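Everything on this sheet refers to the single structure shown next.
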Amino acid sequence: MTYNERKIFKFDNNLKQIIQEIEMPKEIREGWGMCVYNKDTLLVSDGSNRIFHINAHNFSIKKIIEVPQYKNLNELEMVKGNLFINIFMSPYIIVINPESGKVLEQLDFSQLEKQLYQEINLDYEAVMNGIAYHEETDTLLLTGKLWPYIYQIQLIKS
Numbered sequence: 645m646t647y648n649e650r651k652i653f654k655f656d657n658n659l660k661q662i663i664q665e666i667e668m669p670k671e672i673r674e675g676w677g678m679c680v681y682n683k684d685t686l687l688v689s690d691g692s693n694r695i696f697h698i699n700a701h702n703f704s705i706k707k708i709i710e711v712p713q714y715k716n717l718n719e720l721e722m723v724k725g726n727l728f729i730n731i732f733m734s735p736y737i738i739v740i741n742p743e744s745g746k747v748l749e750q751l752d753f754s755q756l757e758k759q760l761y762q763e764i765n766l767d768y769e770a771v772m773n774g775i776a777y778h779e780e781t782d783t784l785l786l787t788g789k790l791w792p793y794i795y796q797i798q799l800i801k802s
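Okay, so the sequence shown: first residue is 645 according to my numbering, each after it adds one.
Written as structure tokens, this is what we have:
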């Protein structure tokens, strides 16, 4: 998915060749984040407070959910049935119900960012911007723009 060109590229299984180029639905302003929800649905963010449920086969919009108390919804990752969303230009990841948009939790990584900025002297553009889930270890992998590290975070149920 591209940021400004509003295109989605479908690759072969080896990730070596583009097999399809799709225009994003017009309701999606920009390509900010995408993840697989299930075999038939992709979830897409465009920097607004909306998450788009996209048909994985024809790329039409199936449904749009809103997370009214947040904007700048960015990187997306499904973890055990919940959607983890990085809030761009912030140290926060929110966890939502992907069907309703209800916020279940807000994770605060401001201490991690503060430590990183002090240690490496990064500038304001070096924001958290990457989430991945490692199922075997049940951990989140976090990184950001200009970050020299990937952090492995063990989630503890509160």
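The beta carbon of each residue, even a glycine, is placed where N, CA and C say it ideally should be. Here the structure is a predicted model, which is why all the values come from computation and not from measurement.
Leaving out five residues before and five after residue i in sequence, what residues of the same chain have Cβ atoms less than 6 Å from its Cβ?
i    : result
C679 : L687, L720, E721 and M722
R673 : D690
K654 : I663 and Q664
Quick check: the Cα distance between residue i and residue j, rounded to an integer number of angstroms?
i    : j    : result
I647 : G774 : One point to set straight first is that residue 647 is Tyr, not Ile, in the sequence displayed. So the two alpha carbons sit approximately 15 Å from each other.
K746 : F696 : 15 Å
G725 : V739 : 10 Å
N718 : M645 : 13 Å
N682 : A700 : 9 Å
W676 : R694 : 11 Å
Q798 : N741 : 21 Å
Y736 : H778 : 19 Å
Q762 : T685 : 41 Å
Y714 : E757 : 20 Å
D752 : S734 : 9 Å
T781 : Q661 : 31 Å
N716 : L659 : 29 Å
I731 : L785 : 16 Å
Among the options, which one has its Cα closest to the Cα of residue i?
i    : options                   : result
K706 : F732, N693 and E671       : E671
I729 : L799, A776 and I652       : A776
T783 : N716, K651, A770 and I800 : I800
E667 : R650, N658 and K660       : R650
L748 : N657, D656, L785 and L727 : L727
Among residues of its own chain, excluding the 5 on either side of residue i, which ones have a beta-carbon nearer than 8 Å to its beta-carbon?
i    : result
L766 : L760, L790 and W791
T787 : M772, N773, G774, Y793, I794 and Y795
P669 : F696, I698, F703, S704 and I705
E769 : K789 and L790
Does at least one heavy atom of the ligand SAH sit under 7 Å from the Cβ of residue i?
i    : result
W791 : As for the ligand SAH, it is missing from this structure, which has no ligand bound.
Pull up the CB-CB distance for residue i and residue j, whole angstroms please, since I reckon it's below 8 Å.
i    : j    : result
S754 : I709 : Not quite, the Cβ-Cβ distance comes to about 27 Å (not below 8 Å), so this is no contact.
To which residues of the same chain is residue i closer than 7 Å at the C-beta, ignoring the five residues directly before and after it?
i    : result
I827 : The chain is shown from 645 up to 802; residue 827 falls before or after that span and cannot be answered.
P712 : N693
D656 : I663
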